[in-house]
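Chemist: Below is the structure I would like to discuss, written out as C-alpha cells.
2 protein chains.
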Amino acid sequence: MHQAFLPWQLHVGRFRVNCRLMEETKTAEELQAALRAAGLRITEQRKALLAVLADADDHPDANELHRRAHKINPSVSLATVYRTLTTLEEQGVIDRHAFEGKPARFETNDKPHHDHLIDIDSGEVIEFRSDKIEALQAEIARELGYDIAHHRLEIYGKKRK
Amino acid sequence: MHQAFLPWQLHVGRFRVNCRLMEETKTAEELQAALRAAGLRITEQRKALLAVLADADDHPDANELHRRAHKINPSVSLATVYRTLTTLEEQGVIDRHAFEGKPARFETNDKPHHDHLIDIDSGEVIEFRSDKIEALQAEIARELGYDIAHHRLEIYGKKRK
DNA sequence: TTCAATGCAAACCCTTTGCACGGTA
DNA sequence: TACCGTGCAAAGGGTTTGCATTGAA
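If you're matching them up, the sequences are chains A and P in order. Just so you know, we're using my numbering here: the first sequence kicks off at 378 and counts up by one. Just so you know, we're using my numbering here: the second sequence kicks off at 378 and counts up by one.
Structure (C-alpha cells):
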C-alpha cells in the first residue's frame with residue numbers, strides 16, 4: 378500500500394503520535410461477489426487471480442499477475458489472466474493503466490479517483506489526488522466546448538535525494 | 378493547426394475585430410537544421426518525412442506518416458519512418474505521445490509544453506496549457522519527495538452539443 | 001571513400017482469438 | 001446437463017532489428 382498523503386505528527390503532553398493515512402483495498406471475497414452478482418462463474422483460476430489482485434499493492438502487469446497466480450495454482454494460463462482482467466475491468470472492479478507505451482498495469486478499483494506519480498528509476502507507482510487539478514480540468518474542458526469522459530494525469534519523477 | 382485558446386473579439390468604434398491565437402510550427406528547413414547540427418545525414422527519405430511532419434497539424438501515427446511520406450517519395454519505408462522518428466525524438470525536435478495504449482502519435486516540438494484533450498468520437502487532438510495545473514503538479518511532486526522529469530495530462534471528452 | 005542510413009523480412013513484445021476440452025452452476 | 005471458462009497454440013498489431021546494400025558527406 379502506497380500512501381497518497383504525507384505522514385503527520387500530533388503532540389499530546391510528553392507523547393508524540395505518528396500518523397499516516399492508509400487506504401482500504403478490496404478483498405478477494407468482494408471481488409468474487411462482483412463476479413457472482415454479474416452471473417459469472419467463480420473458477421479456481423479466477424479465485425487465484427482475485428487473491429493476487431486483492432493482495433497486490435504495486436500495480437502489476439498481466440505477466441506479473443500471471444506469475445503470482447500461477448504460483449498459487451499452476452493451472453492458471455496467461456490467456457485466462459488476460460481474459461479475466463478484461464472481464465473484471467468491464468465489471469468496473471479493477472482499473473487498467475497504460476503508462477508510456479509499456480505493458481498495461483492493473484489495480485483494484487477501490488478509491489473514487491486518483492492520479493499517479495511513477496518513479497522512473499524503480500517503476501514504483503505512487504497515488505495522489507488533487508481536487509484543485511480535477512476542478513481545473515473540468516473548467517478547461519468546458520472552455521474548449523467538451524464534456525470530460527475520463528482523464529489521466531501521470532507525473533514521471535525521480536526521488537529527491 | 379488546432380487553437381489552444383478560445384477566439385475573442387475587440388470592439389473599436391463601429392467595428393468588431395475577431396481574433397484567434399494561432400501557433401507557429403517548425404518548418405522542414407528548421408527540422409533539417411537540427412539534424413545537420415547533430416552531424417546526421419539529410420537523406421531523401423528524411424527530407425520527405427520532415428516535410429510531412431512540418432506540414433502535419435493532426436498528431437499522426439507512424440503508419441500515417443509513412444503513408445504521407447511514401448506519397449512524396451515511394452522509396453521511404455516504414456522501418457525508416459520508425460528509425461527517423463526515434464532519432465528526431467532523441468534530438469528533441471519532435472514529441473511522441475502514447476494515448477491510451479493506441480499507436481504512438483507524433484508532433485513537432487515547437488511549443489514549450491502543453492497537454493492534450495482527445496475527442497473520443499473523432500480522435501481529434503486539441504492542445505491546451507494551464508499554468509495553474511503545471512504549478513499544482515510541481516507542488517504535489519515536491520510534497521511526495523520527487524523531482525518531476527516529465528508528465529502527461531490527457532483529457533478524453535465528447536464535444537458538447 | 002567511408003560509414004551512416006536504408007529496404008526488406010524476420011523477430012519482438014504484448015495482447016487477443018479459434019478451437020476442442022473441462023468444470024461450474 | 002448446459003454452456004461458460006479454460007489451456008494451448010496460432011495470429012494479431014505495433015515496433016524493432018539483422019543484414020547486405022546504397023548513397024551523403
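Built from N, CA and C at the ideal position, the CB exists for glycine as well. This structure is a prediction, so every number in the text was calculated from the model and none was measured.
#1: On a CA-only basis, which of P:Glu466, P:His443 and P:Leu494 is nearest Gly534 of chain P? Give me that one, please.
#2: Closer than 7 Å, Cβ to any Cβ of chain A: which residues of the stretch 521-536 of chain P, in chain order?
#3: Lys536 of chain P: which of P:Asp496, P:Gly478 and P:Ile525 sits nearest, CA to CA?
#4: Taking all protein chains shown into account, decide if Arg413 of chain P is buried (16 or more other Cβ within 10 angstroms of its Cβ) or exposed.
#5: Are the CB atoms of Ala439 of chain A and Leu465 of chain A nearer to each other than 8 Å?
#6: Could you tell me the boundaries of the alpha helix (DSSP H) in which Asp508 of chain A lies?
#7: Strictly by DSSP, which residues pair up with Leu494 of chain P?
#8: Which residues in chain A sit within 7 Å of Ile497 of chain P, going by Cβ to Cβ distance?
#9: Below 8 Å between beta carbons: does that hold for Val458 of chain P and Leu417 of chain P?
#10: Would Arg460 of chain A be called buried (16 or more neighbouring beta carbons within 10 Å of its own) or exposed?
#11: Would you say Lys424 of chain P lies against chain A (beta-carbon separation less than 8 Å)?
#12: For Leu494 of chain P, go through chain A and note every residue whose CB falls closer than 7 Å to its CB, in chain order.
#13: Is Val502 of chain A closer than 8 Å to His436 of chain A when the C-beta atoms are compared?
#14: Leaving aside the five residues before and after Asp492 of chain P along the sequence, list all residues of the same chain whose C-beta is less than 8 Å from its C-beta, in chain order.
#15: Please identify the residue among P:Ala456, P:Lys448, P:Asp498 and P:Val470 whose C-alpha is closest to the C-alpha of Ala410 of chain P.
#16: So, with DSSP's three-state summary, where would you put Arg482 of chain P?
#17: Please work out which residues of its chain come closer than 6 Å, Cβ to Cβ, to Glu484 of chain A, disregarding the five sequence neighbours upstream and downstream, and give them in chain order.
#18: To the nearest angstrom, how far is it from the Cα of Pro480 of chain P to the Cα of Pro480 of chain A?
#19: Under 8 Å between C-beta atoms, does Gly478 of chain P make it to chain A?
#20: How about Leu513 of chain P: is its C-beta nearer than 8 Å to some C-beta of chain A?
#21: For the alpha helix (DSSP H) containing Asp432 of chain A, name the first residue and the last one.
#22: Using DSSP with H/G/I as helix, E/B as strand and the rest coil, what is Ala526 of chain A?
#23: Comparing the C-beta of Ile449 of chain A with each C-beta of chain P, is any distance below 8 Å?
#24: Compare the C-beta of Met378 of chain P against all C-beta atoms of chain A and say whether one is closer than 8 Å.
#25: Considering only residues of the same chain and omitting the five flanking positions on each side of Asn486 of chain P, which have a CB-CB separation below 6 Å?
#26: For Gln422 of chain P, which residues in the same chain have their Cβ closer than 7 Å to its Cβ, ignoring the five residues on either side in sequence?
#27: So is Ile419 of chain A buried or exposed if we call it buried at 16+ other beta carbons inside 10 Å?
#28: Inspect the beta-carbon positions of Ala433 of chain A and Gln468 of chain A and report whether they are closer than 8 Å.
#29: What did DSSP end up calling Arg473 of chain A once you bin it into helix, strand or coil?
#30: In whole angstroms, what is the alpha-carbon distance linking Glu406 of chain A and Ala428 of chain A?
#31: Where does Ala512 of chain A land, buried or exposed, given buried means 16+ other C-beta within 10 angstroms?
#32: I need the boundaries of the alpha helix (DSSP H) containing His443 of chain P, first residue and last residue.
#33: Are Gly478 of chain A and Ala526 of chain P touching if we call contact CB-CB under 8 Å?
Modeler: In short:
#1: To locate residue 534 of chain P, count along the second sequence from 1; it is residue 157. Among P:Glu466, P:His443 and P:Leu494, the Cα nearest to that of Gly534 of chain P belongs to P:Leu494.
#2: Cβ contacts with chain A come from Leu521, Gly522, Tyr523, Asp524, Ile525, Ala526, His527, His528, Arg529, Leu530, Glu531, Ile532, Tyr533, Gly534, Lys535 and Lys536.
#3: The residue you call residue 536 of chain P lines up with position 159 of the second sequence. Selected option, being the one with the closest Cα: P:Asp496.
#4: Locating residue 413 of chain P in the second sequence gives position 36, counting from the first residue. Exposed, by the Cβ-count rule.
#5: Against the first sequence, residue 439 of chain A aligns to sequence position 62. Against the first sequence, residue 465 of chain A aligns to sequence position 88. Their beta carbons are not under 8 Å apart, which means Ala439 of chain A does not touch Leu465 of chain A by this criterion.
#6: Locating residue 508 of chain A in the first sequence gives position 131, counting from the first residue. Per DSSP, the continuous alpha helix (DSSP H) segment holding Asp508 of chain A begins and ends at Asp508 to Glu520.
#7: Working through the second sequence from its first residue, we reach residue 494 of chain P at position 117. Within the DSSP bridge table, the entry for Leu494 of chain P names P:Ile503 and P:Ile532 as partners.
#8: Taking the second sequence and counting its residues from 1, the one referred to as residue 497 of chain P is at position 120. Within chain A, the residues near Ile497 of chain P are Ala526.
#9: Mapped onto the second sequence, residue 458 of chain P falls at position 81. Mapped onto the second sequence, residue 417 of chain P falls at position 40. In this structure, Val458 of chain P lies away from Leu417 of chain P, with their beta-carbon atoms at least 8 Å apart.
#10: Translated into the one-based positions of the first sequence, residue 460 of chain A becomes position 83. Exposed, because fewer than 16 other Cβ atoms sit within 10 Å of the Cβ of Arg460 of chain A.
#11: As a position in the second sequence, residue 424 of chain P is number 47, starting the count at 1. So no, Lys424 of chain P is outside the interface.
#12: The residue labelled residue 494 of chain P in the question sits at position 117 within the second sequence. Near Leu494 of chain P (Cβ distances below 7 Å), the residues of chain A are Ala518, Leu521 and Tyr523.
#13: As a working mapping, residue 436 of chain A is identified with position 59 in the first sequence. As a working mapping, residue 502 of chain A is identified with position 125 in the first sequence. Yes, these two residues count as a Cβ contact at 8 Å.
#14: Taking the second sequence and counting its residues from 1, the one referred to as residue 492 of chain P is at position 115. Excluding sequence neighbours, Asp492 of chain P sits near Glu504, Phe505, Arg506, Ser507, Ile510, Arg529, Leu530, Glu531 and Ile532.
#15: Counting from 1 along the second sequence, the entry for residue 410 of chain P is found at position 33. The candidate whose alpha carbon is nearest that of Ala410 of chain P is P:Val470.
#16: To locate residue 482 of chain P, count along the second sequence from 1; it is residue 105. Looking at Arg482 of chain P - three-state DSSP - the assignment turns out to be strand.
#17: As a working mapping, residue 484 of chain A is identified with position 107 in the first sequence. Excluding sequence positions up to five before and after Glu484 of chain A, its CB lies within less than 6 Å of the CB of His436 and Asp472, all in the same chain and listed in chain order.
#18: Taking the second sequence and counting its residues from 1, the one referred to as residue 480 of chain P is at position 103. Taking the first sequence and counting its residues from 1, the one referred to as residue 480 of chain A is at position 103. Separation of Pro480 of chain P and Pro480 of chain A (C-alpha to C-alpha, rounded to the nearest whole angstrom) is 13 Å.
#19: In the second sequence, counting from the first residue as 1, residue 478 of chain P sits at position 101. Under the Cβ criterion of 8 Å, Gly478 of chain P is counted among the residues facing chain A.
#20: By 1-based counting over the second sequence, the position of residue 513 of chain P is 136. Yes, because at least one Cβ of chain A sits closer than 8 Å to the Cβ of Leu513 of chain P.
#21: Along the first sequence, read from residue 1 onward, the residue named residue 432 of chain A stands at position 55. Glu421 to Asp432 is the span of the alpha helix (DSSP H), which, as asked, contains Asp432 of chain A.
#22: For this step, residue 526 of chain A is matched to residue 149 along the first sequence. Strand at Ala526 of chain A.
#23: Start at 1 with the first residue of the first sequence, and residue 449 of chain A comes out as number 72. Output row for Ile449 of chain A: interface = no.
#24: For the purposes of this step, residue 378 of chain P is taken as the residue at position 1 of the second sequence. A caution first: Met378 of chain P carries a pLDDT of 42, below 50, which makes its placement in the model too unreliable to give a value.
#25: Numbered from its first residue, the second sequence carries residue 486 of chain P at position 109. Excluding the 5 residues flanking it on each side, Asn486 of chain P has same chain C-beta neighbours closer than 6 Å at Val470, Ile471 and Asp472, in chain order.
#26: Taking the first residue of the second sequence as position 1, residue 422 of chain P is located at position 45. Same-chain partners within the cutoff: Asn450, Ser452, Val453 and Thr457.
#27: For this step, residue 419 of chain A is matched to residue 42 along the first sequence. Exposed, since its Cβ has fewer than 16 Cβ neighbours within 10 Å.
#28: Residue 433 of chain A sits at position 56 when you count from the first residue of the first sequence. Residue 468 of chain A sits at position 91 when you count from the first residue of the first sequence. No, the Cβ-Cβ distance between Ala433 of chain A and Gln468 of chain A is not below 8 Å.
#29: The count along the first sequence starts at 1 and reaches residue 473 of chain A at position 96. Strand at Arg473 of chain A.
#30: Residue mapping note: residue 406 of chain A aligns to position 29 of the first sequence, counting from 1. Residue mapping note: residue 428 of chain A aligns to position 51 of the first sequence, counting from 1. Taking the straight line joining both Cα atoms gives about 9 Å.
#31: By one-based count along the first sequence, residue 512 of chain A stands at place 135. The residue in question, Ala512 of chain A, is exposed, as its Cβ has fewer than 16 Cβ neighbours within 10 Å.
#32: Locating residue 443 of chain P in the second sequence gives position 66, where the first residue counts as 1. It spans Ala439 to Ile449 - the alpha helix (DSSP H) in which His443 of chain P sits, taken as one unbroken run.
#33: Counting from one through the first sequence, the residue named residue 478 of chain A turns up at place 101. Counting from one through the second sequence, the residue named residue 526 of chain P turns up at place 149. No, the pair does not count as a contact, with Cβ atoms beyond the cut-off.
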